[in-house]
Amino acid sequence: MRKTICAILMGSCALAYANAQTLFPVTSPDGSISLVLKLKEKGLYYEVEKNGVKVLVESPVRLTIDESELCNSVDVLSSDTYKTDNTYPIRGSHSLAVDRSNGQIIKLRNSSLKTDFSLEARAYNDGVAFRMILPGKQGEIRTPDEHTLFTLPVGSTVWYHDMYCHYEGIHQRKDISEIMQGEWAAPPVMVQLPGESGYLCITESALMNYAGMSLQANGKNGFETKLGHAQPAGYPFAHDYSLAEARRLSKPAALAATIITPWRTIIIADNLNELVNSDLITNLAPAPDKRLFPKGINTDWIKPGRSVWCWLDGGARTVEGMKEFSKLAGELGFEYNTVDAFWYRWTDEQLKELVDYSAQFGVKIWLWRHGRDMRDPKKRRGLFERCHRLGVVGLKLDAFSHESKEFIDLYQSCLKEAAEYKLMLNIHGSNKPTGEVRTWPNEMSREGIRGLEYGKNQYEWSTHNTTLPFTRLVAGAGDYTPVIFGERRLETSWVHQLATALVFNSSVIFFGSHPKAMLDNPAVKFLKQIPATWDETVVLPSSRIGEVAAFARRSGKTWFLAVLNGQEECSLQFPLSFLGDGWYEGMVLNDRPSDAAAIKTERVFCRKSDALTGHMRTGGGYIVMFTPQE
């Protein structure tokens, strides 16, 4: 990475002016976005503009240390500017991320507390971010808390869900004026700006050695930062642990030495395509440790792929039953079989028998494990060593369900130690992603999403599914457990279910359906060719949050058009301008109007100058796989 630093020391005249009001703008490389930091009556504030229009209204930055407010009685000591200019491989909507920003570090002093600290800010072409840095000595223990506000323009539309299911809620759509004081919102919080003039996504990046951030409405068009200890901890945490444990974790965590907050991150996009393709969250996350990941996301033992799983759609919970699942996974061309909790009773010999049997079909084994078993470092390392020794390649770790610093530290320990044993992880009962796919490339997916395991306890799958690509999934991969052909799909069609495996990012796709049901489905030829990673994504203009999600995605030379339809039957035309030059053969999967549990297939030949029309029922879908003709 090329990083240029330019120090600008503020003179005595500037410092005097700072006591009235001083502006510290940080502007994106293309000049369109500005994060303006303000010292106003010796208090710290910020606002964000795009093309001269405020997209976040002036709001205070609030950080307390040992219950004393740090961001009042503030003087400016100096300001340093810098640039980032970097590219790196990534997994998500595309395969190469661009990190290009203008940054600024403002050194500050709280004159009342006689404490020095810094605010670091960056402006990218797709958003802004800032964080606080409080230097500390070895052994110095202090307790931080945050109450920074994000104040939206009047007339903003917000998609959010509360914290009572810990990142597994159902998004509501409301005007900001309708959101009452005290309502909780789980990041990422999605905002459509007034007049449909663009989008904001409020979340965080580089969450480590700190409690996670949620948001709480202030009833004045804004959301206040709340750290993990302050979040409601009912179901599922109380179910998996206890209310007594929740009460213990409700106290702010003390930190040693230097305190660095996560980045408070705001993606800013003109349209849904820019939103989905933003690199802001991973740009702010630390690069991977080369000792653990010598080739980053391309490290040899990290293998994206597809997995069968018996939990949702049934299967014999025995060694022999899982052998059958591995055999069927091999027939599908899938790389993995994930074994649920019943394996706890198995011996090493039985596990090794399954691993060796599966290998003849090109299938490797993942195992499910409860998060309770991860809290003891000795037991955790023992499990990782056992898996590595027996040839298990991944673990689905479940039921974390808290965002206190203690649990964030547990995430980090699991990811680091799993990497030492060359194990991939999928974390369930989790919080939102904050750039882990870059820092810890062995994290292949995480939950933090309401997926198909909720089954019939769902209001409208189609509304939910057309909302997720532009809300939760903007933050990173989500293990939704896609594709069910039975009753769990409710009003959605078979084609809609198949399309979720293309629209929802997950570097290992853990399919919900029984592998025999997939092999017997008329779309089996297509199922066998679903990729787990993408080189390029284009969100088509017909997309509307909660109504239609229309994605064109490229893996290698093959393009996929995948459309999820909401509650309104419709016909939509899709221009094929995303295709490369030359002719393509298209395999089309469309709804049958008379039967949601049926698929109409056809073969087409087309070029990028053409357009195709999809006719979709309520909760329907439309898919085309484009293969170039050489």
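Under our numbering, the first residue of the sequence shown is numbered 1, with each subsequent residue one higher.
The beta carbon of each residue, even a glycine, is placed where N, CA and C say it ideally should be.
Residue i versus the options, residue with shortest Cα-Cα distance
i: L200; options: V189, L207, R291; result: V189
i: E349; options: L390, V154, K323; result: L390
i: A341; options: S358, P286, L119, A316; result: A316
i: L415; options: E67, S404, M444; result: M444
i: R489; options: L473, E460, Q629; result: E460
i: E568; options: S358, T492, T87, V319; result: T492
i: L589; options: A475, G305, I623, L255; result: I623
i: P184; options: G333, I105, E224; result: Checking the sequence, you will find Trp at residue 184 rather than Pro. Residue E224 is the option with its Cα nearest to W184.
i: H171; options: P628, T558, I449; result: I449
i: T261; options: T318, Q529, T143; result: T143
i: H229; options: W368, A359, K220, A246; result: A246
i: N298; options: L96, K528, H514, K456; result: L96
i: R603; options: M587, G614, S609, A597; result: M587
i: G546; options: Y160, P522, D270; result: Y160
i: F150; options: G621, V191, S413; result: V191
i: D116; options: L134, N125, G333; result: L134
i: P522; options: N221, L193, D591; result: D591
i: S326; options: L312, V355, Y344, G314; result: V355
i: S555; options: N565, K525, W534; result: W534
i: G476; options: S112, G582, N565, T282; result: T282
i: G314; options: L272, R446, A517; result: A517
i: S543; options: V276, A399, G333; result: V276
i: N271; options: E67, V474, L56; result: V474
Cβ neighbours of residue i in the same chain (closer than 7 Å, five flanking residues each side left out)
i: H166; result: P236, F237, S401
i: K174; result: V158
i: Y45; result: K38, E58, S59, P60, V61
i: H147; result: R62, E224, T225
i: T627; result: T558, Y584, E585
i: H94; result: N277, W534, D535, E536, T537
Whole-angstrom C-beta distance between residue j and residue i, which should lie under 8 Å
i: S307; j: W366; result: 6 Å
i: N431; j: G212; result: 5 Å
i: V548; j: T466; result: 6 Å
i: A206; j: T558; result: A206 to T558, Cβ: 34 Å. No contact.
i: E335; j: K364; result: 6 Å
i: L215; j: P232; result: 13 Å between Cβ atoms; not a contact.
Close beta carbons around residue i, own chain, < 6 Å, minus the five adjacent residues each side
i: G362; result: G330
i: G103; result: Y82, R122
i: P575; result: A611
i: G11; result: Legend: pLDDT at G11 = 35, less than 50; position of this residue unreliable, no value from coordinates given.
i: H388; result: Y421
Residue i and residue j closer than 9 Å at C-beta
i: Y408; j: Y164; result: Correcting the residue identity first, residue 408 is Ile in this sequence and not Tyr. Their beta carbons are not under 9 Å apart, which means I408 does not touch Y164 by this criterion.
i: R109; j: V74; result: yes
i: M616; j: V538; result: no
i: P252; j: L280; result: no
i: V154; j: I176; result: yes
i: G182; j: A256; result: no
i: I484; j: G512; result: yes
i: I670; j: V437; result: Outside the displayed range of the chain (1 to 630) lies residue 670, so it cannot be described from this structure.
i: Y480; j: S506; result: yes
i: V339; j: W368; result: yes
i: R264; j: A129; result: yes
i: N72; j: K42; result: yes
i: F631; j: L540; result: What the structure shows of the chain is the stretch from 1 to 630, and residue 631 is not part of that stretch, so it cannot be assessed.
i: K633; j: I427; result: Any answer about residue 633 is impossible in this case: the structure gives the chain only from 1 up to 630.
i: L328; j: V392; result: no
i: C47; j: I33; result: Per the sequence presented here, residue 47 reads as Glu, with Cys not at that position. Going by C-beta atoms, E47 is not nearer than 9 Å to I33.
i: P304; j: V508; result: yes
Below-9 Å beta-carbon distance, residue i vs any chain C residue
i: E491; result: Of the protein chains in the structure, only one exists, and it is not chain C.
Buried or exposed by the 16-neighbour rule on C-beta atoms within 10 Å, applied to residue i
i: Q573; result: exposed
i: F470; result: buried
i: G219; result: exposed
i: D520; result: exposed
i: H239; result: exposed
i: Q360; result: exposed
i: E320; result: exposed
i: F605; result: exposed
i: G580; result: exposed
i: Y584; result: buried
i: D99; result: buried
i: S577; result: exposed
i: E69; result: buried
i: D85; result: exposed
i: Y344; result: exposed
Sequence-distant residues of the same chain with beta carbon closer than 8 Å to residue i, five excluded per side
i: I141; result: A254, L255, A256
i: D373; result: K379, R380, L383
i: S101; result: S28, P29, K83, T84, R122, A123, Y124, N283
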